[in-house]
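S.K.: The sequence shown begins at 1 in the UniProt record's numbering and counts up by one.
Can you read through this structure? Questions will come right after.
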Amino acid sequence: MDGNINSQEENKDSRPIILLVDDEPIILRGLKEQLKLAFGKDYDIEIAEDAEAAWEILEEYVEKGIDIPVVVCDQVMPGVKGDELLIRIHNKKPDIRKIMLTGQASADAVGNALNHANLYRYLSKPWDSNDLILTIREALKSYFSDLSLVELNRKLETTLLYNRETGRPNFESLRKNTRRKGG
């Protein structure tokens with residue numbers, strides 16, 4: 001029986017994370033509650049009240065090998081602004097879907113996040129709950145679809161480049177592949 005409990009705890013500790021970043025605690029609590037209801041069975045929801053706390057959370061989970069498919073971030077926060085944090089996140093983990101949820105973002109800040117952080121979506125405060133949940137659901141779907149595609153491509157390359165029966169390189173496929181890549 002203890003083995004099952006430990007196994008469940010390990011699974012909970014390795015569930016993907018949705019990271020919420022906002023300097024207003026009441027906003028964070030409201031977001032977290034909404035997202036727990038919508039995604040709490042499959043995802044853990046982490047919150048950070050500033051960019052530095054968010055960065056620490058990101059680093060911790062990346063080090064543990066736990067996915068953070070989505071970050072929802074406010075723009076106007078003390079210290080590091082949301083667009084700057086999203087760019088920093090993008091530079092470390094470009095596959096993360098980044099959503100800006102704010103009531104005070106300038107066009108420059110949104111443009112900066114779009115151009116340099118590959119912003120997935122911009123949502124205004126106050127937000128529509130259905131729109132927020134749909135946006136996050138689509139961001140999650142996009143993130144995991146991309147991961148599956150990368151894995152499928154890796155398997156396909158392995159299959160094409162190695163003879164499954166002998167376990168040796170398939171030199172004909174290697175030659176064709178090298179010619180296609182300009183080698």
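Glycine included, every Cβ here is placed at the ideal spot set by N, Cα and C.
Computed from a prediction, not measured in an experiment: that's the story for all the values here.
Do residue 53 and residue 75 have their beta-carbon atoms positioned less than 7 angstroms apart in this structure?
M.R.: Here residue 75 is taken as the residue at index 75 of the sequence shown, counted from 1. Here residue 53 is taken as the residue at index 53 of the sequence shown, counted from 1. No. Outside cutoff.
S.K.: Straight-line CA distance for residue 19 to residue 29?
M.R.: Within the sequence shown, the letter at position 19 stands for residue 19. Within the sequence shown, the letter at position 29 stands for residue 29. Cα-Cα distance, rounded: 12 angstroms.
S.K.: State the CB to CB distance for the pair residue 86 and residue 119, rounded to an integer number of angstroms; the pair is presumed to be in contact (CB under 8 angstroms).
M.R.: Start at 1 with the first residue of the sequence shown, and residue 86 comes out as number 86. Start at 1 with the first residue of the sequence shown, and residue 119 comes out as number 119. Confirmed, Cβ separation roughly 7 angstroms.
S.K.: Mark residue 17 as exposed unless 16 or more other C-beta atoms lie within 10 angstroms of its C-beta, in which case mark it buried.
M.R.: Along the sequence shown, read from residue 1 onward, the residue named residue 17 stands at position 17. Counting Cβ neighbours within 10 Å, residue 17 comes out buried, since at least 16 surround it.
S.K.: Quick check on the DSSP output: what are the complete alpha helix (DSSP H) runs of length 4 or more inside the segment 21-108, in order along the chain?
M.R.: The segment 21-108 contains these whole alpha helix (DSSP H) runs: 25-39, 51-64, 82-92.
S.K.: Once DSSP output is grouped into helix, strand and coil, what is the label at residue 15?
M.R.: Your numbering for residue 15 matches position 15 in the sequence shown. Looking at residue 15 - three-state DSSP - the assignment turns out to be coil, as it is neither helix nor strand.
S.K.: In angstroms, rounded to a whole number, what distance separates the CA positions of residue 48 and residue 134?
M.R.: In the sequence shown, the residue the question calls residue 48 occupies position 48. In the sequence shown, the residue the question calls residue 134 occupies position 134. Approximately 22 angstroms, taken between the alpha carbons.
S.K.: Three or more beta-carbon pairs under 8 angstroms between the segment 93-101 and the segment 38-47, yes or no?
M.R.: At 8 angstroms Cβ cutoff, the stretches do not touch.
S.K.: Determine the direct distance from the alpha carbon of residue 155 to that of residue 125, and round the result to whole angstroms.
M.R.: Counting from one through the sequence shown, the residue named residue 125 turns up at place 125. Counting from one through the sequence shown, the residue named residue 155 turns up at place 155. The alpha-carbon atoms of residue 125 and residue 155 are separated by roughly 43 angstroms.
S.K.: Could you tell me which residues DSSP pairs with residue 148 in its beta bridges?
M.R.: Here residue 148 is taken as the residue at index 148 of the sequence shown, counted from 1. Paired residues: none, contrary to the question.
S.K.: Whole angstroms is fine: what's the gap from residue 51's alpha carbon to residue 89's?
M.R.: Walking along the sequence shown from the start, residue 51 turns up at place 51. Walking along the sequence shown from the start, residue 89 turns up at place 89. If you take the alpha carbons of residue 51 and residue 89, they lie about 10 angstroms apart.
S.K.: Any idea if residue 64 is buried or exposed, counting beta-carbon neighbours within 10 angstroms, 16 or more meaning buried?
M.R.: Here residue 64 refers to the residue found at position 64 when the sequence shown is read from its first residue. Classification of residue 64: exposed, given that the 10 Å Cβ count is below 16.
S.K.: Quick one: using the 10 Å Cβ neighbour count with 16 as the cut-off for buried, is residue 37 buried or exposed?
M.R.: Within the sequence shown, the letter at position 37 stands for residue 37. Counting Cβ neighbours within 10 Å, residue 37 comes out exposed, since fewer than 16 surround it.
S.K.: Of the choices 112, 80, 93, 128, whose alpha-carbon is the least far from that of residue 21?
M.R.: Working through the sequence shown from its first residue, we reach residue 21 at position 21. For residue 21, the nearest C-alpha among the options comes from 80.
S.K.: I believe residue 78 touches residue 42 by the beta-carbon criterion, under 8 angstroms. Please report the beta-carbon distance rounded to the nearest angstrom.
M.R.: Here residue 78 refers to the residue found at position 78 when the sequence shown is read from its first residue. Here residue 42 refers to the residue found at position 42 when the sequence shown is read from its first residue. The Cβ separation is near 32 angstroms, so there is no contact.
S.K.: Tell me which residues share the same chain as residue 142 and place their Cβ nearer than 7 angstroms to its Cβ, disregarding the 5 neighbours each side in the sequence.
M.R.: Here residue 142 refers to the residue found at position 142 of the sequence shown. Here the set comprises 97.
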